[in-house]
Amino acid sequence: MEPRSDMHELTQKVKRKALELGFARVGITTPDDIEGYEDILCAREGYGLWNPQDPASKLRIAPHTREVVPGAKSVISLVRAVGGIDFPEKLLQHAGRIYLGRCYVPPEDTLEGHRIVLFEEYLASLGIASLYNHTNMQLVDRAIAARAGVITYGKNNFAYAGEHGSFIVLISIPVDTELECEVHEPRRPCPKDCRKCIDACPTHAIADDGSLNPTRCVLYSNFMPGEHKDTAVTDLIGMRVHGCDACQEACPRNARALASPKAKDPYLEWLAGEFDLEKMLFCDDAYYEACIRPIMFNYIRDLEIFRQNAAIAMGNSGDARYVPALQRAAEEGSEQVRRFAAHALEQLGA
Numbered sequence: 006m007e008p009r010s011d012m013h014e015l016t017q018k019v020k021r022k023a024l025e026l027g028f029a030r031v032g033i034t035t036p037d038d039i040e041g042y043e044d045i046l047c048a049r050e051g052y053g054l055w056n057p058q059d060p061a062s063k064l065r066i067a068p069h070t071r072e073v074v075p076g077a078k079s080v081i082s083l084v085r086a087v088g089g090i091d092f093p094e095k096l097l098q099h100a101g102r103i104y105l106g107r108c109y110v111p112p113e114d115t116l117e118g119h120r121i122v123l124f125e126e127y128l129a130s131l132g133i134a135s136l137y138n139h140t141n142m143q144l145v146d147r148a149i150a151a152r153a154g155v156i157t158y159g160k161n162n163f164a165y166a167g168e169h170g171s172f173i174v175l176i177s178i179p180v181d182t183e184l185e186c187e188v189h190e191p192r193r194p195c196p197k198d199c200r201k202c203i204d205a206c207p208t209h210a211i212a213d214d215g216s217l218n219p220t221r222c223v224l225y226s227n228f229m230p231g232e233h234k235d236t237a238v239t240d241l242i243g244m245r246v247h248g249c250d251a252c253q254e255a256c257p258r259n260a261r262a263l264a265s266p267k268a269k270d271p272y273l274e275w276l277a278g279e280f281d282l283e284k285m286l287f288c289d290d291a292y293y294e295a296c297i298r299p300i301m302f303n304y305i306r307d308l309e310i311f312r313q314n315a316a317i318a319m320g321n322s323g324d325a326r327y328v329p330a331l332q333r334a335a336e337e338g339s340e341q342v343r344r345f346a347a348h349a350l351e352q353l354g355a
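So this is what it looks like as structure tokens:
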């Protein structure tokens, strides 16, 4: 094991390795509480699933790092950028870029998951223990990254990393070692009179002050079970089945990232030829493993929800070629699939 250097040299080694492994930015901050975060979250409409005061909330997040990770002495904030991928247009109409990039909370047996594992192994070689939970970290990544100085906020609630824009994924790795930490105040350098993201949101989820009602966000309608989906909202989400980039695409702060050189992703090129809403509507385990799970493993595990989302997308498409498949689903599907298939048929005038 490499002997410990002084704190500065150790910190620089950690940062260099993160960049070597392909992370776009790296910062280190303290594990102190994110003051005021919990009060703001609990006061906002629609955040019950994320309520840090409710142990039963499914997506509970914790602004108190030391409570979740008692041994943490520093937190490494990593930024992984996906804006350099040439995403096929066919897939962009159905899924968000960070999901197509397969780097948001990636399983350990994937390329992106192994990138994190390699970083942890390097930390271990320096005598630093990673306290990262690969399945449910619960930490407030954006607030941690802002304090570490690697991102700023956008009015659309996304995090921005300079030339990489908001097409990024944040990873917070608590460690048992005291490193050189930075503490920055959060900033939102959007022009006060700019409302392009607000106007671009198809479901009107962003308020004039920039606060988000998550229950109106496209992704919420995507991952919630059918009984919690509101057709008044799903009628507005278009053909999106896993995430939405509308507010990010409209943002002037993303112009540079969107115009930057792109490289094709061989898997996505293959997937563009295989991805099909009808196949999703009747998906079996084989199709799920080949074409759905690799880009949509983040929030949804129930194939029924994917089938519901496919029916919703078909109804919103305005394309009558989906009528036969929807008629079959309206007869053979589960209760919620039948519900959305019937609604889609009404939308298509069938």
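In the numbering used here, the protein residues as written are 6 to 355.
We put the CB at the ideal spot given by N, CA and C, even for glycine.
Note that this is a predicted model, so its numbers are computed, not measured.
What does DSSP give as the partner residue(s) for I90 in the beta ladder? In the DSSP assignment, the residues bridged to I90 are A268.
Entirely within the region 160-235 and at least 3 residues each: give me those beta strand (DSSP E) ranges in chain order. Listed in chain order, they are 173-180.
How long is the line joining the alpha carbons of A315 and W275, rounded to whole angstroms? Straight-line Cα distance between these residues: approximately 20 Å.
Output the distance between the C-alpha atoms of I121 and D146, rounded to the nearest integer angstrom. Rounded to the nearest whole angstrom, the CA to CA distance from I121 to D146 is 15 Å.
By Cβ distance, which residues of its chain are closer than 7 Å to G88, with the 5 residues on each side in sequence left out? Within the same chain, and ignoring the five residues on either side of G88 in sequence, the residues whose Cβ sits closer than 7 Å to its Cβ are H169, G170, F172, A262, S265.
With a threshold of 8 Å between beta carbons, is I33 in contact with chain C? Looking for chain C here will not work: only one protein chain is present.
Can we say the region 28-48 touches the region 75-89, given the rule of at least three CB pairs closer than 8 Å? Output reads yes: the region 75-89 touches the region 28-48.
Ignore the nearest five residues each way along the sequence and tell me which others in V238's own chain have a CB closer than 7 Å to its CB. T208, R221, S226.
Just the Cα atoms here: how many angstroms apart are C249 and Y104? Answer to the nearest angstrom: the Cα atoms are 10 Å apart.
Once you ignore the five residues that flank L184 on each side, which residues in its own chain have a CB closer than 7 Å to its CB? Scanning its chain for C-beta atoms nearer than 7 Å, with the 5 sequence neighbours on each side dropped, one finds around L184 the residues M12, L15, T16, V19, I33, S79, in chain order.
Between which two residues does the alpha helix (DSSP H) containing I121 stretch? Run containing I121: 116-130, per the alpha helix (DSSP H) assignment.
Quick check: what's the CA-CA separation for A268 versus E340? About 42 Å.
Within 10 angstroms of the Cβ of P8, are there 16 or more other Cβ atoms? Answer buried if so, exposed if not. With a pLDDT of 48 at P8, under the threshold of 50, the predicted position of this residue should be treated as unreliable, and no value is reported.
Give the DSSP-derived three-state secondary structure of R245 in the structure shown. Residue state, collapsed to three classes: coil.
For S339, the three-state DSSP class (helix, strand or coil): Of the three classes helix, strand and coil, the one that applies to S339 here is coil, per DSSP.
Could you check the C-alpha separation between E72 and Y137 for me, to the nearest Å? Straight-line Cα distance between these residues: approximately 14 Å.
Secondary structure at G320, three-state DSSP: helix, strand or coil? Three-state result, G320: helix.
Best match in V180, A349, C288, E117 for proximity to G132 [C-alpha to C-alpha]: Measuring from the Cα of G132, the nearest candidate turns out to be V180.
Rounded to whole angstroms, what is the Cα-Cα separation between Y292 and G106? Between Y292 and G106, the C-alpha separation is close to 19 Å.
At the level of alpha carbons, what is the spacing between Q98 and P75? Each residue's Cα considered, the two are about 42 Å apart.
Rounding to the nearest angstrom, what Cα-Cα distance links A349 and T236 in this structure? Each residue's alpha carbon lies about 10 Å from the other.
Between S326 and D213, what straight-line distance do the alpha-carbon atoms span, to the nearest angstrom? The displayed chain sequence assigns Arg, not Ser, to residue 326. Cα to Cα, R326 sits roughly 39 Å from D213.
Skipping 5 residues on each side, what residues in its chain have a beta carbon closer than 6 Å to that of E337? Once the five neighbours on either side are set aside, E337 has no close Cβ partner at all.
Would you call L128 buried or exposed, if buried means 16 or more other Cβ atoms sit within 10 Å of its Cβ? By the neighbour-count rule (16 or more Cβ atoms within 10 Å), L128 is buried.
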